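First residue of the sequence shown: 2, per the numbering used here; consecutive thereafter. Here's the structure, in structure tokens; my notes come after.
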Amino acid sequence: MDVAKMKTFLILGGTKGIGLSISKQLANEGHKVFIISRDNYINIEKIPNVKIIKVDLLNLEKQNIDEIFNNHPIFDGICFAQRYRGSYKGKSNKSLEEYKVMVDSIANFIIQFNQHIKKSKNSKNINIDKISRLLIIGSTYSTRIGKDQDWSYHSVKSAQLSLVKYFSLNSGGFFNINMLSPGTVVKENSDSFWSDHPKNKHWIEYTSVGLINSKIVAKEAINIMKNSSIYFTGNNVKIDSGLSNLYHDQLK
Ligand SMILES: NC(=O)c1ccc[n+]([C@@H]2O[C@H](COP(=O)([O-])OP(=O)(O)OC[C@H]3O[C@@H](n4cnc5c(N)ncnc54)[C@H](OP(=O)(O)O)[C@@H]3O)[C@@H](O)[C@H]2O)c1
Numbered sequence: 002m003d004v005a006k007m008k009t010f011l012i013l014g015g016t017k018g019i020g021l022s023i024s025k026q027l028a029n030e031g032h033k034v035f036i037i038s039r040d041n042y043i044n045i046e047k048i049p050n051v052k053i054i055k056v057d058l059l060n061l062e063k064q065n066i067d068e069i070f071n072n073h074p075i076f077d078g079i080c081f082a083q084r085y086r087g088s089y090k091g092k093s094n095k096s097l098e099e100y101k102v103m104v105d106s107i108a109n110f111i112i113q114f115n116q117h118i119k120k121s122k123n124s125k126n127i128n129i130d131k132i133s134r135l136l137i138i139g140s141t142y143s144t145r146i147g148k149d150q151d152w153s154y155h156s157v158k159s160a161q162l163s164l165v166k167y168f169s170l171n172s173g174g175f176f177n178i179n180m181l182s183p184g185t186v187v188k189e190n191s192d193s194f195w196s197d198h199p200k201n202k203h204w205i206e207y208t209s210v211g212l213i214n215s216k217i218v219a220k221e222a223i224n225i226m227k228n229s230s231i232y233f234t235g236n237n238v239k240i241d242s243g244l245s246n247l248y249h250d251q252l253k
């Protein structure tokens, strides 16, 4: 890739699921990708241009975030794709831990990113085509209720949407921030699990092709992180084939 076109991305939760699909696609396009996760031994290390920064978002300290921003060039894109999946080491206070990993850590990253970027850039000289793009992988459950997830998941998803709204107006013009919200996503190598699932059959009624997969979500995420403008900010972009527009008593 032409070095001038090479960009640098930070993907939180880039070792699995949607974050992994985003990281792989970006790396395969020739971009530099830094991933934040708790483990640093997974296969993605074999993909060129990918580095894992080992951080536990549950026990995040200001110093960890400062180190990341001090040690790297300003990121062209940051994607928050982490997902809390129960306690890593046994004892847990689920709702609090979920909030820390999926809401508090995002707020802290953005606050410190903003401070870092202010120090490094001259605010009178902002190039509106070269802003950083921040993207939270949201969910249709930030605005609607799904019976397969409990209250705490709905709460964190709607809190993530509030962060998008808040930071869209507190960016100093240095970044845009948006949310990309899918319904249930089929991750890579899990098609067989979902093919006969009632959810997949339900989606086929409306989309003809069933549930969305993580590669398609990744493609849209990358498009927003590479091509959106400073004016495209504060949005919750649903990627659900229009399904959430259907009147509720007409759902089969
Ligand atoms: N899957 C779906 O059907 C679906 C649908 C709609 C929206 N979403 C949203 O999409 C996002 C990604 O979900 P997913 O299902 O793709 O996630 P996932 O497959 O469970 O992956 C979660 C990622 O987060 C990292 N992570 C978890 N806890 C961490 C911690 N304490 N510190 C650092 N990293 C941590 C994991 O890495 P380590 O385990 O290595 O630390 C992993 O890379 C979430 O915001 C989710 O709400 C998912």
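Think of the CB as a built atom: it goes at the ideal place given N, C-alpha and C, for glycine as much as any other residue. Computed from a predicted structure; not experimentally measured.
Out of curiosity, what's the CA-to-CA distance linking Gly147 and Gly174? As a first step, residue 147 is located in the sequence shown; it is residue number 146 there, counting from the start. As a first step, residue 174 is located in the sequence shown; it is residue number 173 there, counting from the start. Going by the C-alpha atoms only, they are around 35 angstroms apart.
Report the three-state DSSP secondary structure of Leu170 (helix, strand or coil). Here residue 170 refers to the residue found at position 169 when the sequence shown is read from its first residue. Three-state DSSP puts Leu170 in coil, outside helix and strand.
Is there at least one non-hydrogen atom of ligand 1 closer than 8 angstroms to the beta-carbon of Ala82? Working through the sequence shown from its first residue, we reach residue 82 at position 81. Ala82: yes, Cβ under 8 angstroms from ligand 1.
Distance CB(Ile37)-CB(Leu11) smaller than 9 angstroms: Numbered from 1 along the sequence shown, position 36 holds the residue referred to as residue 37. Numbered from 1 along the sequence shown, position 10 holds the residue referred to as residue 11. Taking 9 angstroms as the Cβ cut-off, Ile37 and Leu11 qualify as a contacting pair.
Is the segment 27-35 close to the segment 92-107, with three or more CB pairs under 8 angstroms? no
In the DSSP output, which residue or residues are listed as bridge partners for Pro183? Looking up residue 183 in the sequence shown gives position 182. Its beta-bridge partners are Ile240.
Tell me where the alpha helix (DSSP H) around Thr208 begins and ends. Against the sequence shown, residue 208 aligns to sequence position 207. Its alpha helix (DSSP H) spans residues 199-208.
Are the segment 192-210 and the segment 160-169 touching, with three or more C-beta to C-beta distances below 8 angstroms? no
Going by beta carbon distance, what residues of the same chain come within less than 6 angstroms of Gly78, once the five residues before and after it are set aside? Position 77 of the sequence shown holds residue 78. Answer for Gly78: Phe10, Arg134, Met226, listed in chain order.
Are Leu162 and Val187 close, meaning C-beta to C-beta below 9 angstroms? The residue labelled residue 162 in the question sits at position 161 within the sequence shown. The residue labelled residue 187 in the question sits at position 186 within the sequence shown. No, the pair does not count as a contact, with Cβ atoms beyond the cut-off.
Quick check: the Cα distance between Leu59 and Ser153, rounded to an integer number of angstroms? Translated into positions along the sequence shown, residue 59 becomes position 58. Translated into positions along the sequence shown, residue 153 becomes position 152. Their backbone Cα atoms lie some 16 angstroms apart in a straight line.
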